[in-house]
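One structure is given here, and the rest of the page talks about it.
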Amino acid sequence: YKRTRRQDPHSQPLLHPTTKHTHTSNFLSPSPSLTPPPPTRPTSPLPQATPTPNQHDSVSQKRPNWEASASSCPNLNCKEKNAFSLHSMENVIFGGSGPTGKAVARYLVSKGHKCACVSRSGNVPKELEDLKEGVIGVKGDALDAGRCQDICKSAKRVFFCLGLEYSSSVWSRDFPVALDNVLSAVPQDAVFVMADNLYMFGAEQAGKVLSPTLPFTTIGVKPKLRGEMNRTIQKYHDEGRCKTVIMRAADFYGPEVTNSALGEHVFAKIRDDSAPAVVQPMEHRHAFTFVPDQAEAMVEASMEPKAWGKALHCPCAEARVYRHVIQDIANEYQKPDLGKSPQQLVGWTRGMLGMFIGPLAEMQEMQYQWDQDFLVDHSDYLALFPKSALPTPMDKGITATVAWYQTNKPDKKGWFG
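The following block contains the structure:
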């Protein structure tokens, strides 16, 4: 199957001139049994529907345990085969097999909602098998416009948690197509929510407290691309084609997170009695986002009309010196000595290794985030959700992450083993 993008002869390209892709997608293709034609979408802006009290389900402000199971949701006793199917699904998660997508699914189910996790395999992630009465797996390809139309036709909320290989060329090639395909498939009265990062502010804002009102950068492949994606999403909302929310987060950590500054080469290394290995300076304060917090923020914002059309910063715990965070992780493992002398690959050493290890080379344009304090202003989110219990204190987040790593050994290793 080939990668396809929605073609609209009356619209202009949103990110870059549309090109015809002739090589095979990295995603698995749709089932041949599902081949309805994509619905016709209007090409002119449409008025936004005025939400009614019953248009979107309300979400309780009581926070769940991130490990909540379907057994705690009494309204998920679906026994009829056709009652719990894709075409009756109100919540769709693209990237449903990744840490953020799975966290979104877990939070939705804990609140009594069902969801479809779209992934290459189409299977329910094994980590969500305890929620099988609230989650279905769907084989999907965000690079296939027709498949996106079929998956989203009954959705009220579509969560875009898609992760791609950490490569500027892959991001530039696939993210614009995938984003446009999914956005085009979202019904007009539904809400699209993207899990985003903070790359779009670029090196020009380095060292500043990052607020949603700062201008986007035009420098760097990945930072510039994230800004273009934000503009595309906002355009869809402003034209009334669907409702949108962007939920930005700092560097991830948490259960099931492996490739991050606090992933396999910190949590797993200490677990295995090795010194943690880092590729960034450790003397500056740095904000981190607990992945279940971003999932909760995305779901809550999807059901709050006041959040629609906004780009929000997910609450994160107070920024702390990176070296101190590593030491706290070692202390939680009760191995304090391992946190005192991390292996550090910086400067020319990292540059040389980057010639052989792709992700190390890709990090170079994001180095500015580590060369000074990296601070985030999330007051906009708390203003909309004053009763929110977010963010999770970092000591509790570290405890939950250590507990997960102690009982799980992912196949995927860190950036340099």
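Residues in the sequence shown are numbered consecutively from 53, following our numbering. By construction, the Cβ of each residue, glycine as well, lies at the ideal position given by its N, Cα and C atoms.
Measuring alpha carbon to alpha carbon, tell me which of PHE268, CYS368, ASP432, LYS439 ends up nearest ALA359.
If we check each option's Cα against that of ALA359, ASP432 comes out closest.
Under a CB-based cut-off of 8 Å, is GLU370 close to chain B?
No chain B appears in this structure, which consists of one protein chain only.
Go to PHE29, then tell me how far its beta strand (DSSP E) extends in each direction, as first and last residue.
Outside the shown range of the chain (53 to 469) lies residue 29, about which nothing can therefore be said.
Locate the alpha helix (DSSP H) running through CYS366, then write down its first and last residues.
Here CYS366 belongs to no alpha helix (DSSP H), and DSSP marks it neither H nor E.
Nearest-angstrom beta carbon gap, PRO443 and ASP345 [assumed within contact, 8 Å]
The C-beta distance from ASP345 to PRO443 rounds to 5 Å, short enough to meet the 8 Å contact threshold.
Whose C-beta lies closer than 8 Å to the C-beta of LEU266 among residues of the same chain, with five residues either side of it excluded?
PHE253, GLN257, LYS260
Could you spell out where the beta strand (DSSP E) holding ALA13 opens and where it closes?
Coverage of the chain is limited to positions 53 through 469, which leaves residue 13 absent and any answer about it impossible.
Taking the alpha carbon of VAL176 as the point to measure from, which residue in SER162, GLY150, HIS165, VAL373 has its own alpha carbon closest?
GLY150
Delimiting residues of the beta strand (DSSP E) encompassing TYR305
Taken as a continuous stretch (DSSP letters only), the beta strand (DSSP E) holding TYR305 covers 303-305.
Quick check on ALA313: does DSSP put it in helix, strand or coil?
coil
Residues in the same chain with beta-carbon distance under 7 Å from LYS362, minus the five sequence neighbours each way, listed in chain order, please.
VAL297
LYS274 vs MET418 beta-carbon contact at 8 Å:
yes
DSSP three-state call for SER326: helix, strand or coil?
coil
Using the rule of at least 16 other Cβ atoms within 10 Å of the residue's Cβ for burial, across every protein chain shown, is ARG283 buried or exposed?
exposed
Could you tell me whether the segment 382-397 touches the segment 187-201, where touching means 3 or more Cβ pairs closer than 8 Å?
no
Tell me which same chain residues have a C-beta within less than 8 Å of the C-beta of LYS154, skipping the five on either side of it?
GLY148, CYS169, PRO177, GLU179, LEU180, GLU308
Endpoints, alpha helix (DSSP H) assigned at ALA168
First-last for ALA168: 167-171, but that is the beta strand (DSSP E), not the alpha helix (DSSP H).
Whose C-beta lies closer than 7 Å to the C-beta of THR453 among residues of the same chain, with five residues either side of it excluded?
Residues of the same chain with a CB within less than 7 Å of the CB of THR453, apart from the 5 flanking positions on each side, are TYR305, GLY306, PRO307, PHE319 in chain order.
Start and end residues, beta strand (DSSP E) containing VAL187:
187-191
For VAL454, three-class secondary structure by DSSP
It is helical.
Classify VAL331: buried if its beta carbon has 16 or more other beta carbons within 10 angstroms, exposed otherwise.
buried
State the beta-bridge partners of VAL373 as determined by DSSP.
ARG337
Do the CB positions of ASP248 and ARG209 come within less than 8 Å of each other?
Not closer than 8 Å, so no.
Where does VAL428 fall in DSSP's three states?
strand
So what's PRO462 in DSSP terms, helix, strand or just coil?
coil
Report the rounded CA-to-CA distance for PRO394 versus ASP241, giving the unit in angstroms.
If you draw a straight line from the Cα of PRO394 to the Cα of ASP241, it comes to about 51 Å.
The beta strand (DSSP E) with ARG293 in it runs from where to where?
No beta strand (DSSP E) contains ARG293, which DSSP labels as neither H nor E.
For the candidate residues ASP325, LEU250, LYS295, LEU412, whose alpha-carbon lies nearest to that of CYS368?
LEU250
Terminal residues of the continuous beta strand (DSSP E) containing VAL222?
Membership of VAL222 in any beta strand (DSSP E) is not indicated; the residue belongs instead to the alpha helix (DSSP H) covering 220-237.
Run the CB neighbour count on ILE271, radius 10 Å, all protein chains shown included, and call it buried at 16 or more, exposed below.
exposed
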